[in-house]
Structures are given as structure tokens and as C-alpha cells.
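Undergrad: Our numbering numbers the first residue of the sequence shown as 60 and each following residue consecutively. Backbone N, C-alpha and C fix where the C-beta goes; we use that ideal spot for every residue, glycine too. Note that the structure is predicted; figures quoted are calculated from it, not measured.
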Amino acid sequence: MNKNSVQNIRNFCIIAHIDHGKSTLADRFLEVTNTIEKRDMKHGQLLDTMDLEQERGITIKLQPVRMEWKYEDQSYLLNLIDTPGHVDFSYEVSRSLVACEGAILIIDATQGIQAQTLANCYMAIEHDLEIIPVLNKIDLPSADVEKVSKEVESTLGIPHEDIISVSAKEGTNVKAVLQAIIEKVPPPQPSSVDDEFKALIFDSVYDPYKGVVAYIRVMSGGVRKGQTLHLLHTKKEIEVMECGYFKPHYTEAPGLQPGEVGYVVTGLKTVAEARVGDTLWAPGKEKIEVEKAKPLSGYAEVKPYVFAGIFCIDGDDYPLLRDALEKLQINDAALSFSPEQSGALGFGFRCGFLGMLHLEIVQERLEREYDLNLIITAPSVSYIAVLNDGEEEFISNPSQLPDPSTITSLKEPWMKLEVLAPKEYIGAIMKLSQDRRGLNKNMQYIDQDRVILEFEIPLASIVVDFYDSLMSVTSGYASMNYEFIEFREDKLVKLDILVGGSIVEALSVIVHRDDAYHVGVHMAKKLKKLIPRTQFEVPVQAAIGSKIIARETIRALRKDVTAKLYGGDRSRKDKLLKKQKEGKKRMKKVGNVDIPQEAFLSILKRDD
């Protein structure tokens, strides 16, 4: 490919808040550029290929597609990456941005700027991308183009006249967006096919027929079928079995040129060998040793913050669960898992997620795609234990916590939380945040009616039901975005649950000292209802170390041993009652309390 043809390539992605019309606009692009015939569009959101994406109307995985379009008598190659909008999948967005030179920022004309709009826009600015602002859904009666345009201008500093108003649903003004991409988004850096080949892997998937397929953005040089390439991080050597581009399905090509986005079939069996962020490399005319090749700057390794146990209802399905998680991890770089054994639930896995929606999606995919019946325990967050010798130990499960005498302090993850809402809900949002140990940091009006509130808050406080509570106190008008700040030391304690005097490790939790009493009382009361009564009294206690902070007693079953007596002296009845009393004392010393699985599930399972 000569220098001039690189000038006709445009690589861009679509970013927005969830449900602002990214995938619908991508569908219109496919229609306008005749990449897909209208009769072939069996459903909307063509790039959302998963059943789950279709059902929920959300994008979960980034999806690339190549389009060809003529403008002013020249043919242009447009490489588009459709990205998710939910905060849990922002890692997918960050990977897309590195493979592009421009980004279409979509704002809903009926809702205006939302929390994720801001977060994604700032992310694109950090990557020096050319931003094309688009106001979508102008066909709706509630759309207020003038008001939202002023909001965009005052909040993001984008001039009013640069904003393109479109209706992705009806196809209004879609061509104007494509023209803006060609005019404003810069082409890739020029390079010759004879230069050393360098390509960034921005995603990799496992195909049952092809093996591992790496999605790449070619930074320099070219690649062809049959060529030998090196992965610079994992030190693997591969032969290109097939290469091509997305239209939107795999379309084989003889080779990929500088600046193009496409795929390479690697022949590898596990995605861990061709991980996201690695550099595919081959020497150019100047022969360089592999050891001296410099990799492209990849991505920061994603760290899960939310952990939950995944167990099979049928213990025999454990090997199937392991295989399913391994296959799922291939297509989801953010999922992590390690084996875990629970006295109550048997063998399973401790899995790490980016957030609650990520957890739900993984659970649904395991149950649907691999036909598994699962138990998901209550989500918890990761902690860091600072030991007496100054070393730090990462804790993803309370049962891993070392002996309290060896710990100096505990640290928990804190997040920067942004909430965007109408001004009349400021008081309710602040109260909700303060109740969850949040610190109010900033407040900024984006127009006369809407405000951005900024908090710092522990992740443990927002991970389970904060979003539902926020929607409740704001009548559904708020949107939120959060990002990790740091691990902070706080007054955290391990709360143990004792049943019949023995600690039940599976029920241990790490809580803030101020909340420990309320959590302990709640769990003790719940267990009292769930554990069946036995022939002797069973105490259910919540304890911090050796200090009992809450107690409930499961009363003994009363068996009427005197029922068989009739007539005779009172002393016969007293003798039997005395014998029963001694028997119960002995039973209390040696008797075991069997906690039914339902009790564990009720405590451990997330409250739906």
C-alpha cells in the first residue's frame, strides 16, 4: 500500500453512556456504506452478536467492522469499533481507544450529558483522539436540541456549531457524521510494508474452528498469510494461518497493510498466549533480533475489585464449571478465577469481576451457554492486610485473613464516585452517600437544573445495592460513574459467625467496626430462623475475635418423655425428667449441629 492510500484510512470508535444509541448508529453506518444489505439486517444492533446483548439491549463486547465509502471521488476505508457504555465494561472502551485516531461521542437529546458520557469523553481526550460530538434521538418529542447543545458546550467545551444532530433510528443526517469523520479524524501514521511489522492486539477470541483469533491494529509494516510472527510479551512464535478484516464477519484477505484494523488466526490453543495488549512483531528490511524488538505500549492489566464464589448445585459438575470458566476467560480478559473449597457448598471457584453487571453477565453466560446450575455467593471486595513485618497480603476472601495478632491494619478499596442528577435530589443523594461512609468532595452545576456531585466512597458500600438505592431516591433520574482511587486504611474487622460454639468459616465477613453490630445481629437472627431445631439448645453468635457482639438461641425441641406414664407415684415422672435433663447436657457437649445448605444459601446468596 502506498503512502496516499494510508491517507484514506480512518480508524474511529463510538463512545457514549449506556442506551444513548451507539449500536443503532453503527447499524445506520453499515446501511449507508452498503456494508450490509438492508434485507440482511434481521434485527437491530447488528454488531451486538450475543443473545444476551440482544435481549438486554446493551453492548457487552467491543465489536470491530470495516466499511468502504466514497466521498468527493475518493474511496475511504472506515474502521469502526462499537464499544459498551456501562461502567463495568469501561476496560473494553479503553482498549478500543488505543486502536483509533478518532471517537464519535453520542449524547442523547432527551437526557443530555450523563455520568458515563463525561468519563468516556475524558478517556478519549487522554488518548489524544479527535472527538466528533453527535446529538442523537432528535426524532423524539421530548428531545431538546438547543438546551442539550448548550450543556455540551458549557461542560465539555465543544463549540455549538461542531455538534451534529442525528436520528440513528430513522437515519437522519447520518451521512454528515461520516463526512465529519473523513474531514476531521486524522489518518494513521504513514509506514511502508517493508518496515518492521508491529501490531497491537486490542482483543482476542477463541473460535472453535480457527483456534485463537487476535484482533489487531497494524501500527507499522504489513502482514500476509503464512508469515512468521513473534509475540513480544509471551515470547511465542506463530505462523499466520489466515488474516483479514471484519465486514462484520471474518473476511479473508491476502494481507493487512499499515494503519488497518483486522484479525490474525494464530493457531494457538489458549488466549493467555495471545493476550490483550501484546505486540505482534516481525522484522522488516533491517534484520533485528527478537530480543532487541521494542513492544508497543499496551494496556494496564485489569484488576477485578468485586469477588464472589461460584459453586455448582450438583457437585459432579465441578469439572464442567472449570472448563466453562476457562473458555469464558478467553473472551473476557477482565474475568479472573481461582479454586475455592467451602465446607457448606463443596468445591467451586472464587471469581473476580469489574462490577455487579459483569457478575450477572458471567453468571447468565455460564448458565445458558454451558447449561450449568449455579450458586453465586454474596459479592465481597478485595482487601489488603498489612502484616507486622510491613509486608502486604492481598485478601479476596475473609477466610484467607491471617491471625489478627499478625496484622497491623486492613486496607479497603476506595472509589471516586460521580453522580449526575437534577438539583432537587441533592439532599437525598448526599444523605445516601453519608449513610454509606461517603465523603462529599465537589459539586458542580452543568446547567440551571442539573448537577454533578463527586464523592469518595468505599467500594464495599456501593457494590451490592447502591445503584438501586440511588435510583429509588432520585426517581430514576440519576446516573453514576465510578473509578478506583486507592486502598485506604480504616477500622475494619473480621466478623465471625459461631454456631454451637464453633466458627463457620464460610459465613465470615469483613466489615467496618461501626457496622459490625448491625450486621452481626442481622445474620444471627436470619440463621436462627433457618437452622432447624435439635434436641438441645444451640447458640448462634456473632464475634469479633473473642468478643461476642450478638447472640440468638435456637430453642431445643421438647419431647414429652412422660407421655407414656399413667397413674403411679410422682417420683416416677421426676426420675424420667431428670434422666432427660442429663441426656440433653451430654448431647450438648458431643452433639453436632448440621447447618442445612439452604441456610448457607440464604446468607451467602445475593438478595435479589
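Give the DSSP bridge partners of Cys72, in chain order.
TA: Ile140 and Ala162
Undergrad: Assess, as a yes-or-no matter, whether the region 322-338 is touched by the region 368-380 under the definition of 3 or more beta carbon pairs within less than 8 Å.
TA: no
Undergrad: How should Pro438 be labelled, buried or exposed, when 16 other C-beta atoms within 10 angstroms of its C-beta is the threshold for buried?
TA: buried
Undergrad: To which residues does DSSP link Asn501 through a beta bridge?
TA: Glu513
Undergrad: Under 8 Å, with one C-beta from each stretch per pair, do the region 433-448 and the region 462-477 reach the 3-pair mark?
TA: By the Cβ rule, the region 433-448 counts as touching the region 462-477, because three or more pairs are nearer than 8 Å.
Undergrad: Which residue's Cα is closest to the Cα of Leu446: Thr92, Asp462 and Ala383?
TA: Asp462
Undergrad: Just mark Gln133 as buried or exposed, buried being the case when its beta carbon has 16 or more other beta carbons within 10 Å.
TA: Gln133 comes out exposed.
Undergrad: Please report how far the alpha carbon of Gly343 lies from the alpha carbon of Asn93, in whole angstroms.
TA: 36 Å
Undergrad: On the DSSP letters alone, give me the boundaries of the beta strand (DSSP E) that His289 sits inside.
TA: Thr287 to Leu290
Undergrad: Spatial neighbours of Arg572 within its chain, please: C-beta separation below 6 Å, excluding the five flanking residues on both sides.
TA: If you ignore the 5 residues before and after Arg572, its C-beta comes within less than 6 Å of the C-beta of Lys550 and Val552, all in its own chain and listed in chain order.
Undergrad: Between which two residues does the beta strand (DSSP E) containing Gln600 stretch?
TA: Val597 to Ile603 is the span of the beta strand (DSSP E), which, as asked, contains Gln600.
Undergrad: Would you say the region 273-292 touches the region 213-231, given that touching needs at least three Cβ pairs under 8 Å?
TA: no
Undergrad: Just curious, the beta strand (DSSP E) that Ala312 is in, first and last residue?
TA: Tyr309 to Ala312
Undergrad: How should Glu350 be labelled, buried or exposed, when 16 other C-beta atoms within 10 angstroms of its C-beta is the threshold for buried?
TA: exposed
Undergrad: Return the Cβ separation of Ser538 and Leu479 in integer angstroms, given the expectation that the two are a contact with Cβ distance under 8 Å.
TA: 5 Å
Undergrad: In the structure shown, what three-state DSSP assignment does Tyr625 receive?
TA: coil
Undergrad: Using DSSP's beta-bridge definition, name the partner residues of Gly405.
TA: Ser401
Undergrad: With contact counted as at least three CB pairs below 8 Å, one residue from each stretch, are the region 426-437 and the region 501-513 in contact?
TA: As far as the Cβ criterion goes, the region 426-437 does not touch the region 501-513, which means the pair count is below three.
Undergrad: Indicate whether Arg495 and Ser520 have their beta-carbon atoms separated by less than 7 Å.
TA: yes
Undergrad: Pick out the complete beta strand (DSSP E) segments inside the region 263-303, 3 residues or longer, and give them in chain order.
TA: 270-279, 287-290 and 295-298
Undergrad: Assign Pro143 to buried or exposed, taking buried as 16 or more other Cβ atoms, counted over all protein chains shown, within 10 Å of its Cβ.
TA: buried
Undergrad: Any C-beta of chain B sitting closer than 7 Å to the C-beta of Asn540?
TA: Absent from the structure is chain B; it holds one protein chain and no more.
Undergrad: Spell out the partners DSSP gives Asp167 in its beta bridges.
TA: Gly171 and Asn195
Undergrad: Let me check one thing: in DSSP terms, what residues is Ala239 bridge-paired to?
TA: When DSSP reads this structure, Ala239 sits in no beta bridge, so it has no partner.
Undergrad: Which whole runs of the alpha helix (DSSP H) in the region 412-477 are 4 residues long or more, in chain order?
TA: Entirely contained in the region 412-477, the alpha helix (DSSP H) runs reaching 4 residues are, in chain order, 415-428.
Undergrad: Bridge partners of His571, per DSSP?
TA: Leu551
Undergrad: How long is the line joining the alpha carbons of Val558 and Arg424, rounded to whole angstroms?
TA: Taking the straight line from one Cα to the other gives about 36 Å.
Undergrad: Using the three-state DSSP reduction, which class does Pro317 fall into: helix, strand or coil?
TA: coil
Undergrad: Please name the residue, chosen from Leu498, Ser455 and Ile607, that lies closest to Lys475 on a Cα-to-Cα basis.
TA: Leu498
Undergrad: Applying the 10 Å Cβ sphere with the 16-neighbour rule, what's the burial state of Ala235?
TA: Using a 10 angstroms sphere on the CB of Ala235, the tally of other CB atoms stays under 16, which defines it as exposed.
Undergrad: Which of the three DSSP states, helix, strand or coil, is assigned to Lys306?
TA: coil
Undergrad: In chain order, what residues of the same chain have a beta carbon less than 6 Å from the beta carbon of Glu255, not counting five sequence neighbours either side?
TA: Gly280, Pro342 and Gly343
Undergrad: To the nearest whole angstrom, what separates the beta carbons of Thr621 and Leu636, a pair I think is in contact under 8 Å?
TA: 7 Å
Undergrad: Who pairs with Lys585 in a beta bridge, going by DSSP?
TA: Answer is none; Lys585 lacks a bridge partner.
Undergrad: Helix, strand or coil for Asn179? Go by DSSP, reduced to three states.
TA: helix
Undergrad: Kindly list the residues whose CB is nearer than 8 Å to the CB of Glu345, restricted to its own chain and excluding five residues on each side of it in sequence; keep chain order.
TA: Glu255
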